[in-house]
Amino acid sequence: MNDRLIQLNAEYAAAIDDDRLEDWPAFFTADCLYRVTTRDNHRRGMPAGLIYADSRDMLADRVLSLRKANIYESQGYRHLVGVPRILEQDDNGLQAATSFMVLRVDRQGRTDVFASGLYLDDVQPDGAAMLLRRRDVVCDSSRIDTLLAIPL
Amino acid sequence: MPASTPPAGIAAPTPWPAEVYSYVPYWVFQREDVLQAEQQRVFEGPVWNYLALEAEIPQAGDFKTTFVGRMPVVVTRDADGEIYAFENRCAHRGALIALDDFGNASEHTCVYHAWRYDNQGNLRSVAFENGVQGKGGMPKTFCRERHGPRKLRVTTFCGLVFGSLHDDVPPIEEYLGDEVCERVERVLGKPVEVIGRFTQTLPNNWKLYAENVRDTYHASLLHTFFTTFGITRLTQEGGVRVSENGGNHASASYSRVVAGEETAYTQQAIRSENAELRITDLSMLNNVDEFGDGIVLQMLSVFPGFVLQQIHNAIAVRQILPTGVDSTDLHWTYLGFADDTPELRRMRLKQSNLVGPAGFVSMEDGAVGGFVQRGIAVAEHEGSVIELGGHDTQSQDYRATESSIRGFWRAYRTNMSL
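Laid out in structure tokens, this is it:
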């Protein structure tokens, strides 16, 4: 299952970095929870997120909104995703913590470290692949530069 | 019209006619000397700066570090239950006294040379004050009472903690004005709980964001989330209240729904060929009329840098702090109430998608100030046109006005003598 999670993360990162955001919700279960927060909030048990989606439909809605409604300068990400650290595992799936770093390239061509942190995942098998039941994106820094448009 | 005399040290490249608030020269967003003068005349002037929530420092010894403009500040609750604030700068050689964002301490000791302060900011002891084995130490003339960080006046209103460096600041109720007081009380009438904190770095001068939060004109034009998806907000009326001094405002949008009922949002495709433009999961748009008055959206600002937001049930305070001529920190504190039901708390979490750095109806605000900052790069001899709804700073029963932005500039010019 570990290999399948590595594969899932590789495909997940490629979908976002290749600007195939429409493919991104498919990595989640229909009743998933996807949340972007910070280490400080996580430590203090504060539940609010920068993004808080409790269904796959909400993820698809966010992508549609980014494409059709929200206004932001063109930009791109490069995800560097670490090797998953398996926290728990049984037949129904696994919990894992995986480091990530996201570089953001802006319209002027400037590349910055936009975010680093941990994916805290609850993953279930789905045939030969795996699906995210829950992904908490816990950013190391409490600071977001300008805006967070494209998902992490 | 006579041009006002700029404060000493500000070499204005173009005049700014006195008492004009519908024209703002772009050089005020671009100059280091203006930023320096703002620290003294605005943030350390006769204003109340938002510092903290009482709920963030509930126990004796609890402290928070924050800023007044760019001045680092410690806000703390002492054993007497009162809240005190002082500059976070050791009286000895200027190092920060407190190094954590939040904490609990019965006293504060500077890490550099262990000068020790009580929670009211009084210098209590100096390491080796009498030297070692009779040698060295402070001179006999040294008087601890004459040394210490600058202390702030502190006041509270509805659980908000404000501080001032100035002797002539009016009482907080008078400073806010009756209408703004009512609008704060309306939202913060019972104990709050912090449910999340985020900091957003804005690539622009702080005043461009102060304008943005007072700008009722841009809401449906820049933020196209609702209109793109044909989401009808059933909003029928609204208005803007501007305080007597101009600097504080409250704008509101009312819903047609019966007070106390849950608001149903409807969505229709704008045109049949746009039928694919539909939000599938509308649950984040459910909301409860928790204040029982049909107001679905209220934005409120207090000069210079405080914002209270109620967007449906997403409640937050924002603190605007300059970090440079073209950089600003925006601190978001998301709130719930201590008596929230689990359902209402969940509703707030889902509605947090609307606001903040990734919000469907606010992410653009993080970038638009930068668009202005970059747009005006060589336009220091030009200025902005802020004439929607006229030239004055009165309250209005409509929102197609820039009255509250002009109010900000009136308060700003008064404080800056500019």
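For the record, the sequence lines run as chains A and B. Per the working numbering, the first sequence starts with residue 1, numbered consecutively. Per the working numbering, the second sequence starts with residue 153, numbered consecutively. C-beta atoms are modelled at their ideal positions from N, C-alpha and C, and glycine is treated no differently.
For a test of the three-state rule: what should DSSP assign to residue i, helix, strand or coil?
{"i": "B/S453", "result": "strand"}
{"i": "B/L570", "result": "coil"}
{"i": "B/W168", "result": "coil"}
{"i": "B/P198", "result": "coil"}
{"i": "B/H401", "result": "strand"}
{"i": "A/L132", "result": "strand"}
{"i": "B/C333", "result": "helix"}
{"i": "B/R338", "result": "helix"}
{"i": "A/E88", "result": "strand"}
{"i": "B/M515", "result": "helix"}
{"i": "B/L501", "result": "helix"}
{"i": "A/P125", "result": "strand"}
{"i": "A/A30", "result": "strand"}
{"i": "B/I447", "result": "strand"}
{"i": "B/F560", "result": "helix"}
{"i": "B/S372", "result": "helix"}
{"i": "B/T379", "result": "helix"}
{"i": "B/F181", "result": "helix"}
{"i": "B/F458", "result": "strand"}
{"i": "B/Q548", "result": "strand"}
{"i": "B/R245", "result": "coil"}
With DSSP as the reference, identify every bridge partner of residue i, one or two as the case may be.
{"i": "B/T432", "result": "Answer is none; B/T432 lacks a bridge partner."}
{"i": "B/Y269", "result": "B/H260, B/L275"}
{"i": "B/K287", "result": "B/V284"}
{"i": "B/S536", "result": "B/V176"}
{"i": "A/A48", "result": "Its beta-bridge partners do not exist; DSSP assigns none."}
{"i": "A/Y215", "result": "The structure shown does not extend to residue 215 of chain A, since chain A spans only 1 to 152, so no value can be given for it."}
{"i": "B/F309", "result": "B/L312"}
{"i": "A/R39", "result": "Paired residue(s): none; A/R39 is not in a bridge."}
{"i": "B/M223", "result": "B/V220"}
{"i": "A/C139", "result": "A/T38, A/G117"}
{"i": "B/P474", "result": "B/T480"}
{"i": "B/K303", "result": "B/F238"}
{"i": "B/Q352", "result": "A/I144, B/L482"}
{"i": "B/E345", "result": "B/G488"}
{"i": "A/S99", "result": "A/L118"}
{"i": "A/D19", "result": "A/D19 pairs with nothing; no bridge assigned."}
Please check the pair residue i and residue j, which I expect to be a contact at CB under 8 Å, by giving their CB distance rounded to whole angstroms.
{"i": "A/R39", "j": "A/V138", "result": "6 Å"}
{"i": "B/Q503", "j": "B/V339", "result": "No, B/Q503 and B/V339 are not in contact; Cβ-Cβ is about 15 Å, not under 8 Å."}
{"i": "B/S403", "j": "B/R551", "result": "6 Å"}
{"i": "A/Y119", "j": "A/T146", "result": "Incorrect: roughly 23 Å between the Cβ atoms, too far for contact."}
{"i": "B/T187", "j": "B/P474", "result": "A small correction: the amino acid at residue 187 of chain B is Leu; Thr does not occupy that position in the sequence shown. Sure, about 7 Å apart at Cβ, within 8 Å."}
{"i": "B/V520", "j": "B/L374", "result": "6 Å"}
{"i": "B/L275", "j": "B/R296", "result": "5 Å"}
{"i": "B/Q182", "j": "B/V477", "result": "6 Å"}
{"i": "B/Q546", "j": "B/V394", "result": "7 Å"}
{"i": "B/L205", "j": "B/G315", "result": "Actually they do not touch by this definition, with Cβ atoms about 13 Å apart."}
{"i": "B/K216", "j": "B/F254", "result": "5 Å"}
{"i": "B/I115", "j": "B/S405", "result": "Residue 115 of chain B lies beyond the range of chain B shown here (153 to 570); nothing can be said about it."}
{"i": "B/V313", "j": "B/V227", "result": "6 Å"}
{"i": "B/V336", "j": "B/Y236", "result": "Between B/Y236 and B/V336 the Cβ distance is about 23 Å, and since that is not below 8 Å, they are no contact."}
{"i": "A/D121", "j": "B/T432", "result": "Not quite, the Cβ-Cβ distance comes to about 24 Å (not below 8 Å), so this is no contact."}
{"i": "A/G49", "j": "A/V36", "result": "5 Å"}
{"i": "B/I472", "j": "B/W358", "result": "5 Å"}
Count the other C-beta atoms from every protein chain shown that fall within 10 angstroms of the C-beta of residue i, then say buried if there are 16 or more, exposed otherwise.
{"i": "B/P291", "result": "exposed"}
{"i": "B/K342", "result": "exposed"}
{"i": "B/P167", "result": "exposed"}
{"i": "A/R43", "result": "exposed"}
{"i": "B/T553", "result": "buried"}
{"i": "B/N282", "result": "exposed"}
{"i": "B/K287", "result": "exposed"}
{"i": "B/P323", "result": "exposed"}
{"i": "B/S277", "result": "exposed"}
{"i": "A/P174", "result": "There is no way to answer for residue 174 of chain A, as the model of chain A reaches only from 1 to 152."}
{"i": "A/Q7", "result": "exposed"}
{"i": "B/A421", "result": "Unreliable positioning characterises B/A421 in this predicted model, as indicated by a pLDDT of 45, which lies under 50. A coordinate reading is not provided."}
{"i": "B/S556", "result": "buried"}
{"i": "B/P165", "result": "exposed"}
{"i": "B/F309", "result": "buried"}
{"i": "B/Q285", "result": "exposed"}
Answer yes or no: the CB of residue i versus the heavy atoms of the ligand FMN, is any distance below 7 Å?
{"i": "A/T98", "result": "Absence of the ligand FMN is noted for the structure shown, with no ligands found whatsoever."}
For a cutoff of 8 Å on Cβ pairs, would you count residue i as touching chain D?
{"i": "A/D19", "result": "In the structure shown, chain D does not exist; the protein chains are A and B."}
Closer than 9 Å, Cβ to Cβ, to anything on chain B: give me those residues from the region 37-48 of chain A, in chain order. T37, T38, D40, N41, R44, M46, P47, A48
If you measure beta-carbon to beta-carbon, which residues of the region 57-70 of chain A are closer than 7 Å to chain B? D57, M58, A60, D61, S65, K68, A69, N70
Interface positions of the region 72-83 of chain A facing chain B (Cβ-Cβ less than 7 Å), listed along the chain: Y72, E73
Between the region 352-369 of chain B and chain A, which residues of the former have a C-beta closer than 9 Å to a C-beta of the latter? Q352, T353, L354, P355
Note down, in chain order, all residues in the region 327-352 of chain B with a beta-carbon under 8 Å from any beta-carbon belonging to chain A. From the region 327-352 of chain B, only V346, I347, G348, R349, F350, T351, Q352 have a Cβ closer than 8 Å to chain A.
At a CB distance below 9 Å, what residues from the region 113-142 of chain A approach chain B? Give them in sequence order. Here the close residues are S141, S142.
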